[in-house]
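To convert, count from 1 in the sequence shown and add 12; that's the working numbering.
Don't be surprised by glycine CBs; every beta carbon is placed ideally from N, CA and C.
As the structure is a computational prediction, the values presented were derived from the model and not from experiment.
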Amino acid sequence: MKRKAFIKNSALTALGMTAFGIKSSFSNSMASADTLKVNEQRISNRIFELAKFGLDDKGRGYRVAYTKGDIDGRVWFMDLMKKAGLNPTIDAAGNIIGKRKGKNASLKPIAFGSHIDMVPDGGNYDGPVGSLGALEIIEVLNEHNIITEHPLEVIIFSNEEGGTIGSIGMVGRLTPQGLQQKSQSGLTMAEGIKAIGGNPDNIESCVRHKGDMHAWLELHIEQGGILEREGLKIGVVEGIVGLRHWIVTLEGFANHAGTTPMNMRQDALLAASKFIIAVNEVVNSVEGNHVGTVGKISAQPGAYNVIPGKVVLGLEIRDLSDDKIDMLFAQMEKRAATIANESKVKINFELQPNASIPALTNKALQQTINNASKELGLTTKFMQSGAGHDSQEIAVIAPSAMIFIPSIGGISHSPKEFSTTLDIANGANVLLKTILAIDKGIAGL
Ligand SMILES: [Zn+2]
């Protein structure tokens, strides 16, 4: 870009300053830190560019972790990071990390980012909004020659959708067994991490500890429909719910459906039906945002003319409080005991090992996000995240927070996933303001 065009453009959109490098550590007169805004069009364009990587032969998104689409998307993203002066590196767990120096090298970094991998046939916003939003913060700071006190880090976590593998690695919870698990790509986690430039043989080298990060922030789409339904702009995430799964086995007696009188049956499927309704009733009878679901069912032997002798259900409960999950489960067990008695069916619960504990976000950061939103004229709602995120892992080692923007129609993990350009820019502006506020110093951090 020519210098004359550059000056013209920078006045309009603040594009291109990075081509001239960061010359000094003072804010120039173009905008004070309080009025800085992200470039809405640039984020939007980049979301569409990233969406081109990993399309399958039917044109559906397939940027699944460790596949070619993921690898190509990561190369593209790192190229943008390089252009923004972030010198990206890949840690042992395959996370992409870009660093920007602060004025005070003795301070711990303010880190922010998200992920760019997706579920099979997923959408273009879950992950990319927070990843490209994070990069946009760097672009804007570069363009206005602003150097923060704290160093900044943009982190793009690897394989979020396959079990937040990158962030689990970063907090030191990726075990040898975990590395041998198969991923959606068909590769094991270890093979996949190798394929994206990580080093599973030296996984400990990426581990960070308490105190290594000043704060962690993630901008993300809500993935539910609450903000849109209530006409609100920003979700201040209070925490990410914990979840537990149980396999529920109901054993009755399989018998001839024609010759066994109704009062002599031990129908496991009938008991299961009553239990499914009981789960719903228990969940609805208690005040709060918890959810409970029976999402899986199989009946045996599975024939028109045989009374079902055995049913296996999948039960899930999610909430921000482990105690609440305990309490709900205890009530469900009680109802199950009554149903078992009345139906002459045995009901057994088996807790599954994939439970995740609830992760609360930092209160001071929640307030900072709320204040930043209010200053931008954006309405807010304090809410929980019903979906899992890398932030729940990082919350163990650093004060963490999440900023949600509306998902149109509450749709996610689908090609129909959508957030408006304006909402994305709003979220990125809140992220920017929050980072600058943290940099100035927040009580409690
Ligand atoms: Zn996500």
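Along the chain, where does the alpha helix (DSSP H) that runs through residue i open and close?
{"i": "VAL294", "result": "280-297"}
{"i": "VAL253", "result": "Element bounds for VAL253: n/a, residue is neither H nor E."}
{"i": "LEU239", "result": "238-242"}
{"i": "ALA376", "result": "375-387"}
{"i": "ARG86", "result": "80-95"}
{"i": "ARG347", "result": "334-355"}
{"i": "LYS452", "result": "433-452"}
{"i": "ASP331", "result": "No alpha helix (DSSP H) holds ASP331; the beta strand (DSSP E) holding it covers 322-331."}
{"i": "PHE60", "result": "52-63"}
With 16 other CB atoms within 10 Å as the buried threshold, where does residue i fall?
{"i": "MET276", "result": "exposed"}
{"i": "ASN57", "result": "exposed"}
{"i": "LYS445", "result": "buried"}
{"i": "GLY198", "result": "exposed"}
{"i": "LYS94", "result": "exposed"}
{"i": "TYR316", "result": "exposed"}
{"i": "ARG72", "result": "exposed"}
{"i": "SER297", "result": "exposed"}
{"i": "ALA311", "result": "buried"}
{"i": "ILE150", "result": "buried"}
{"i": "LEU363", "result": "exposed"}
{"i": "ILE369", "result": "exposed"}
{"i": "THR47", "result": "exposed"}
{"i": "LEU67", "result": "exposed"}
{"i": "LYS115", "result": "exposed"}
{"i": "GLY247", "result": "buried"}
{"i": "SER126", "result": "buried"}
{"i": "THR2", "result": "Beyond the ends of the chain as shown, which are 13 and 457, falls residue 2; an answer cannot be given."}
{"i": "GLU172", "result": "buried"}
{"i": "MET414", "result": "buried"}
Which first and last residues belong to the beta strand (DSSP E) in which residue i is found?
{"i": "LYS358", "result": "358-363"}
{"i": "ILE2", "result": "The chain is shown from 13 up to 457; residue 2 falls before or after that span and cannot be answered."}
{"i": "MET395", "result": "392-397"}
{"i": "ILE415", "result": "412-417"}
{"i": "VAL303", "result": "303-312"}
{"i": "GLY142", "result": "Unbroken run through GLY142 is the alpha helix (DSSP H), 140-155; no beta strand (DSSP E)."}
{"i": "SER126", "result": "122-127"}
{"i": "ILE406", "result": "Counting along the chain, ILE406 falls outside any beta strand (DSSP E), though it belongs to the alpha helix (DSSP H) covering 402-406."}
{"i": "LYS428", "result": "That residue, LYS428, is in no beta strand (DSSP E); it is neither H nor E in DSSP."}
{"i": "ARG112", "result": "108-112"}
*Can you list, in chain order, every residue whose CB sits closer than 5 Å to a heavy atom of ligand 1?*
ASP138 and GLY139
Give the list of continuous beta strand (DSSP E) stretches no shorter than 3 residues that lie fully inside the region 169-253. 227-233 and 246-252
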